[in-house]
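Per the numbering used here, the very first residue in the sequence shown carries number 38; after that it's consecutive.
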Amino acid sequence: MKSKFYVLFALLLAFTLTSCNNDQPVKQSSAFINTNDTEILDEPGTVASVVDVTYDSVVSIRANVDQTSYSMGSGTLFSYNDDLNLSYVLTCYHVINNASSFTVTLSDQETTIEANLVGGDPTNDIAVLSIPGTNYTYATISTDELDLGSQIVIIGNPLGTLPGSVTSGYVSYINREVISEDHRTMELIQTDASINSGNSGGAMFDMLGRLCGVVNAKYVDDGVEGLGFAIPISKAMDVVNSIFETAIYKDGEWTTKGYYKGSYEFAFTLSDISYSLFGESYVAVTGLSNNTTTSGYNYLQLYDEIVSVSCKLQDGTMIDINFTSANNLIQKLYNSNLAIGDEITFNIIRNRTEKSLTFVITQFIPL
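Listed below in structure tokens is the structure:
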């Protein structure tokens, strides 16, 4: 049997923003953040009452990769800025990754609006989109921690074809360590609520009607049911705050996308390649990013064979990364507590010649 975690679509958030004038981008903090300690409902309600006060804040997202391919997900309206006449939608980074344009469909399932990317962070799987106008329904962000066994409500777009779907369940575990498909370890809320592809970026609400998590993953295996996961809202808010602090809005455009300070993304995709005659395999580069802020950009080339990898931290500490497969190498790199400014050295074989390549880990900024 083959077990696998699948990232989905889900969530919402709020925060400060950037503004502009005609001459230069100007930072400002006039975005309305719908975050407080006041319950939306006076007391814990039913699933129906929670849906009644939150439903219109959840949207469907279409992320267009090119003219023929796209992906579908979910998101949550969480904030607005009257000065810029913009509202903000929180979703998962994997929902918008590699897309060139976006549309948001409101809960009426008829109103579709073009959206722009404010910024995002692949490490924590959080992204923010903006849409014009400020006359929408916005979710309220919870400032409380969930309890084990708490009931929750999830609203999203399962399968990308069933927008506005409601499901409910319970918090099965808090701060569960999960290794995602891209081999990063995340601490997530585990729930038994029904979650499917397309729910990613969608909202998890508590029974007071407050946004408490962003749906982003499920566990898939034969005989496995009721293993869904969401990013805690406190972590999502931390990422959103950094995105809005670093994003620059000028002349009606996000000229610099917001990012999570200290986050990095490797420029390469690695795979295990088999030797045709001997039945053994080696780790090779099989994909490269076109984002110049990805660490290792313009160093490795397609089909470089990875022989060994080592890291040099800024304090001089040396780390040898011992690996047995492509997935094992990527997982170890992402979980070695590396930081911006540390160095990585790849010893490779390229065109039957051994080479040593060293690059510095850099801050990732979305295109």
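Where is the CB? At the ideal position from N, CA and C, for every residue including glycine. Since the model is a prediction, treat every value here as computed from it, not as a measurement.
With C-beta atoms as the reference, is residue i less than 8 Å away from residue j?
i	j	result
Asn415	Asp162	The structure shown does not extend to residue 415, since the chain spans only 38 to 404, so no value can be given for it.
Gly238	Ile98	yes
Ile189	Tyr207	yes
Thr140	Ala152	yes
Tyr175	Tyr117	yes
Tyr125	Ser86	no
Thr204	Ser231	yes
Gly289	Gly156	no
Phe303	Thr331	yes
Val95	Ala240	yes
Tyr334	Phe401	no
Leu248	Ser179	yes
Ile226	Phe266	yes
Thr228	Ser209	yes
For the beta strand (DSSP E) holding residue i, just list the boundary residues, first then last.
i	result
Val155	Thr149 to Asp158
Ala376	Counting along the chain, Ala376 falls outside any beta strand (DSSP E), and DSSP gives it neither H nor E.
Tyr125	Leu123 to Thr128
Asn118	Tyr107 to Asn118
Quick one: what's residue i bridged to in DSSP?
i	result
Cys348	Ile356 and Ile381
Gly295	Gly156
Tyr301	DSSP, once it has assigned bridges, lists no residue as partnering Tyr301.
Lys392	Ile385
Phe139	Ala100 and Ala152
Ile310	Tyr319
Ala164	Thr128 and Gly157
Leu366	Leu366 is not bridged to any residue.
Thr330	Answer is none; Thr330 lacks a bridge partner.
Ile343	Val320 and Ile385
Output yes if chain B places a C-beta closer than 8 Å to the C-beta of residue i; else output no.
i	result
Met355	The structure shown contains no chain B; it is built from a single protein chain.
Let's see if you can read the secondary structure: which residues bound the alpha helix (DSSP H) around residue i?
i	result
Phe281	Ile270 to Thr283
Thr91	Val84 to Thr91
ask   = In the stretch 180-246, which residue ranges form an unbroken alpha helix (DSSP H) of at least 4 residues, counting only runs that do not cross its ends?
value = Runs of the alpha helix (DSSP H) inside the stretch 180-246: none found.
**Q.** the stretch 368-378 touching the stretch 345-356, judged by at least three CB pairs closer than 8 Å
**A.** They touch, by the three-pair rule.
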